[in-house]
Every structure is written in C-alpha cells, then in structure tokens.
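Listed in order, the protein sequences are those of chains A and B. In terms of the working numbering, the first sequence opens at residue -8 and continues consecutively. In terms of the working numbering, the second sequence opens at residue 5 and continues consecutively. Single-structure report; data block below.
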Amino acid sequence: MTPKRKISLSEEELILALRNREKIAVEALYDMYSASLFGVISRIITDEAIAEDVLQETFVKIWHSFSGYSSEKGRLFTWMVNIARNLAIDKVRSKDFKNQSKNHELENNVTFIDEQKNTVYKPELLGIRDLVSTLKPEQRSILDLVYFKGYTHVEAADELGVPLGTIKTRLRMGILQLRKHFNE
Amino acid sequence: MENVKAYIESGILELYVLGDISAEEKLQVEDMASKYPEIRAEITEIEKSMEFYAEEHAIEPPADLRQRVLGSLLVNLGDDNTFTKAVTHQDDDHIKRLPVTRVNNFYKYAFAACLTLLLISVYGLVNIYSKLQDSNTQLTALQTDKIRIANQVNLMDSQLDMYRDTTYKVLRLKGLPKTPSAAMILAWNSVSKKVMVDVQSVKLPKNDKQHQYQLWALVNGKPVDMGVFDAPQADTAGIKEMKTIASAQGFAVTLEPTGGSINPTMDQMVVIGQF
C-alpha cells in the first residue's frame, strides 16, 4: 500500500516551496512527514479512524498556519510535531472522545501500538532499533511519556514517582544517548 | 562560557524541544539561542535526535489517507490560487481583518454624520438667504430714500437758485387790511420772463372747490392774468411756475371763481406787492 513514488526535498527547499504555496510542497510534506507524525498521533490516540482524522487536521493546520513558522526558532519537524501532539491531546481530552474511547491505559499505549501495527522502519534507521533497545528503560519511558504522550515533566515525575531533577537528568541522558548513535 | 555550558546541561533545552516549557522560559531560551551559537547548535542536535526518534517510531498511515489529506489541502490551494493570484500568502498574513460589524458601523456613523452636516448646512443656508433678502429690502428702501432726498435736494437747490440768481427779482406780497396775515413770495426773472411762486411762503386762507387764487401782474396800472393756483397744503415745499411776463411793476393775488376771471375782482384781493 506504500505510494510508488515518494517526493523528498531538503528542509530548505520544502520550507521555500511551502512559503510559495506550491502544489509539490503539499505532496512532499505528506510523503516526508506523515509516517513520523502518524506515529506520534497513534501513540496518543489508539482509535485508528480518529488518529487518521487528527493527522488530516494536523496537515490542514500546518498548511494554514505555515506563516507562523520561522526557521530561526527551530527545525520544521519540531514545529509540526508540536502541532500534531497538541491536536491529538486536545482530541483525547475532548468530551466526545472520552465518551467513545475504550479506556486504554495510557502508559501501555506505546507497546500496544507497536504490537498492533506494522511499524515501518526505514532501512537506514535500522541501527536505531538497537539504540532504542540500548536506551535504559527508565530513559525510554520518560521520553515516551513526554514526547509521545504530551506529559509535562512535572506530570511524568508524578506518574513515575521520581523527583523532578531525576526526570530532567534522565531526559537529557536519554536524548544524549540518541544523539550519540545519530552522529555515529 | 561556563554559563553557557551550565545552561546547556541544565536540561532546559531538551524541555524546550519537547514543548514542555512555559511561554516565558521559551522566550528566554530563544533569546539565549540567538546570542550563543553553541546553544543554537545544541538545540538543533536535540531536535534532530527527537526527529530520528519519531522516525524510528513512525507508522505508515493507510494509503488512501494520502489522497484524502492532499485533496483537502489542494482544494484550499486551488482556492488560494483562484482568488489570490496576484497576492502572496505572506501579504495576506500582514492584513489585519477588521471585524465586519465595525466596518458596517463606520459607514453607519459616517452616513449619520453626513446627514447631520447636510441638515446643518441647509439650515444655515436658509438663515443666510433670509438675511440676504432682508438686506436687499433694506437696500432698496435706502436707495428709494436716497433718490427721494436727492430729489428734495435738487428741488431745494433750484428753489435756492431763485434767490441766488441776480436776474430774479424777489417780491414779497403783503396782506391787505382785510387779510393782515396773508403773505407770499414770488420771483420774476426779467431775462427769461419767468415768474415763480415759492410755495412754502404762500400763507393764504384755504380756498374752497368753487374758488381759486389768481395771480395778476400790474403792468402800467393794468392787471394782467398770470394764472391760477390753490392755497398749498401745509408743509409742501417747491416752486410753482406761473405764466411769463416781459415787464411788471407789481403783483397781486385775488380770490376768483375756479378757472380764474378775465378781470380781477378787486374786493377779493388778498395780497399785493410792488417793486
């Protein structure tokens, strides 16, 4: 089911094309980032149909509020993932969703999803799998809570029952670990 | 640079990238990043790491979703291209939309203001027009007055001329024992032969409809008819020109039947004067 031809641009090219409202920018944007964003959204929203809706909303919002993005303030993906996460969290907290959701335990979602879906690993990222497995479990759980679940580090400290300082240290150490592998 | 290192190690940059930070702290981090390239570089490294982490956890959405999402975006794009061809979206972003109601109100108030001004102007115009009419009426009245006075002055002038002109001989006719209060003044011009009566000086009893006063010139002891006149109304001024005569030694006035007589009725003589 994977599209036959995926468009890929450099981040600079993509940003320029988005600014100019080019058709190709829309396709490149989707091809380059839909899987990563859908991964994040799916870890917050387990209902597949709702997750797909949120992904669509995310792209619409990215497209419409693109003038609010400035490359001086950070990478494009960081900006987009925040939009996706906020839309997903808003959806989870909305009344509709609470009524219809099947009450999955939030903490278990990450593993639940990985079990349910055929997570796509890009060949060039195969090394990361080893990395993720080499991340200490406590580092990984904090990263997942904050990055994927939209927990604040204060909420994560509560959830995990560890001091705030420890949370910050573990986050930093976990990300440093990721960087080490990324730069190798 | 120790500060920068400590700042990096504080872990705030990770929280910044994760979006888990207050708006105030966010501005602070962005401020620091713009000042210190090391901090900027550190943030980029963290962002790339998280990007890889997300890619590692990527889930390919269903293929049909691609068409759905692109469709909804390209419909918008189509609209954008159709309706804002000449304008780039960046220009659009700088336009602050005024609330529609405020625009409406503006025109409402502007219209009301215009109407008010119009009414005030019309009122003012009507006022000024009526004042103009008043002034015109006054002006006309003044002009009429002026003409009347000028006429009067001319009349007086000619009257005065009668006394000034040395060719006129002024004669005061005096009352007779029967009519002691009667008097009048006339002037005879020996060159032009004209005889003028100063109407204001005529002091004669009122004549009735059947009678008129008749002026006679005394030429070599014989009376010559000089014409008839009525006793003037009070306050009338002017000069009455009588018939001409080449020479005369005196003048007299008698009361005669209306139209005058051929010969004077001597016992009805009221005034007489001789040069």
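Positions of the beta carbon are idealized from the N, C-alpha and C atoms, including for glycine.
Residue range of the unbroken alpha helix (DSSP H) whose run includes residue i
i: Asp22(A); result: 14 to 35
i: Glu150(A); result: 144 to 151
i: Arg44(B); result: 41 to 60
i: Arg163(A); result: 155 to 174
i: Leu175(B); result: First-last for Leu175(B): 172 to 179, but that is the beta strand (DSSP E), not the alpha helix (DSSP H).
i: Ile133(A); result: 128 to 134
i: Ile6(A); result: 2 to 10
Test: residue i CB closer than 9 angstroms to a CB of chain B
i: Leu28(A); result: yes
i: Gly152(A); result: no
i: Asp38(A); result: no
i: Lys159(A); result: yes
i: Arg84(A); result: no
i: Ile166(A); result: yes
i: Tyr21(A); result: yes
i: Ser25(A); result: yes
i: Glu43(A); result: yes
i: Gln130(A); result: no
i: Glu18(A); result: yes
i: Leu78(A); result: no
Limits of the beta strand (DSSP E) - the one that residue i falls within
i: His55(A); result: Taken as a continuous stretch (DSSP letters only), His55(A) belongs to no beta strand (DSSP E), being part of the alpha helix (DSSP H) at 39 to 55.
i: Pro227(B); result: 226 to 233
i: Thr258(B); result: 254 to 261
i: Ser205(B); result: 199 to 207
i: Gly277(B); result: 273 to 278
i: Ile181(A); result: Given a span of -8 to 175 for chain A in the structure shown, any question on residue 181(A) remains unanswerable.
i: Ile189(B); result: 187 to 193
i: Tyr217(B); result: 215 to 223
Pairwise C-alpha distance: residue j and residue i
i: Arg66(A); j: Thr120(B); result: 59 angstroms
i: Leu222(B); j: Gly254(B); result: 5 angstroms
i: Val17(A); j: Leu5(A); result: 9 angstroms
i: Ser205(B); j: Ala191(B); result: 12 angstroms
i: Val201(B); j: Asp234(B); result: 12 angstroms
i: Arg163(A); j: Gly15(B); result: 6 angstroms
i: Ala1(A); j: Tyr111(B); result: The sequence given here places Ser at residue 1(A); Ala does not occur at that position. Distance between the alpha carbons of Ser1(A) and Tyr111(B): 50 angstroms.
i: Thr160(A); j: Tyr20(B); result: 14 angstroms
i: Leu286(B); j: Gly59(A); result: The structure shown does not extend to residue 286(B), since chain B is modelled only from 5 through 279, so no value can be given for it.
i: Ala40(A); j: Leu69(B); result: 10 angstroms
i: Leu28(A); j: Lys(-3)(A); result: 16 angstroms
i: Arg76(A); j: Gly141(A); result: 7 angstroms
i: Val126(B); j: Ala116(B); result: 15 angstroms
i: Thr248(B); j: Asn158(B); result: 23 angstroms
i: Pro301(B); j: Ser61(A); result: Nothing in the structure corresponds to residue 301(B), since chain B is present only between 5 and 279.
i: Lys171(A); j: Tyr21(A); result: 28 angstroms
i: Leu175(B); j: Pro184(B); result: 17 angstroms
i: Val257(B); j: Asp149(B); result: 36 angstroms
i: Ile166(A); j: Ile15(A); result: 33 angstroms
i: Asp165(B); j: Gly128(B); result: 54 angstroms
i: Ile266(B); j: Gln218(B); result: 10 angstroms
i: Tyr113(B); j: Ile124(B); result: 16 angstroms
i: Asn7(B); j: Glu13(B); result: 10 angstroms
i: Glu146(A); j: Asn109(B); result: 49 angstroms
i: Ile64(B); j: Ala42(A); result: The question names Ile, but residue 64(B) is Glu in the sequence shown. Looking at the two C-alpha atoms, the distance is approximately 12 angstroms.
7 angstroms Cβ cut-off: residues of chain B touching residue i
i: Val137(A); result: Leu22, Asp24
i: Lys64(A); result: Glu34
Minimum Cβ-Cβ distance from residue i to chain A less than 9 angstroms
i: Leu74(B); result: yes
i: Ala58(B); result: yes
i: Ile43(B); result: no
i: Ala27(B); result: no
i: Tyr11(B); result: no
i: Thr86(B); result: Summary for Thr86(B): the model assigns pLDDT 49, below 50, so the residue's position carries little reliability, and this model does not support an answer.
i: Gly128(B); result: no
i: Ser14(B); result: yes
i: Ser125(B); result: no
i: Leu77(B); result: yes
beta-carbon residue i near the ligand MN non-hydrogen atom, thresh 8 angstroms
i: Pro184(B); result: With respect to the ligand MN, the structure shown offers nothing to examine, as it has no ligands at all.
9 angstroms Cβ cut-off: residues of chain B touching residue i
i: Ile35(A); result: In chain order: nothing, as chain B lies at least about 12 angstroms away.
i: Ser1(A); result: Within 9 angstroms Cβ-Cβ: nothing; Ser1(A) doesn't reach chain B, min ~14 angstroms.
i: Leu46(A); result: Pro65, Leu69, Val73
Amino acids of chain A, ordered along the chain, whose beta-carbon sits closer than 7 angstroms to that of residue i
i: Leu19(B); result: His144
Chain-ordered neighbours of residue i on chain B, where CB pairs are closer than 8 angstroms
i: Leu5(A); result: Within chain B, no residue comes near Leu5(A); the closest Cβ sits about 14 angstroms away, beyond 8 angstroms.
Discussion item. Can you pull out the residues from the region 47 to 71 of chain B whose beta carbon lies closer than 8 angstroms to at least one beta carbon of chain A?
Written reply: Ile47, Thr48, Glu49, Ile50, Glu51, Lys52, Ser53, Met54, Glu55, Phe56, Tyr57, Ala58, Glu59, Glu60, His61, Ala62, Ile63, Glu64, Pro65, Pro66, Ala67, Leu69, Arg70
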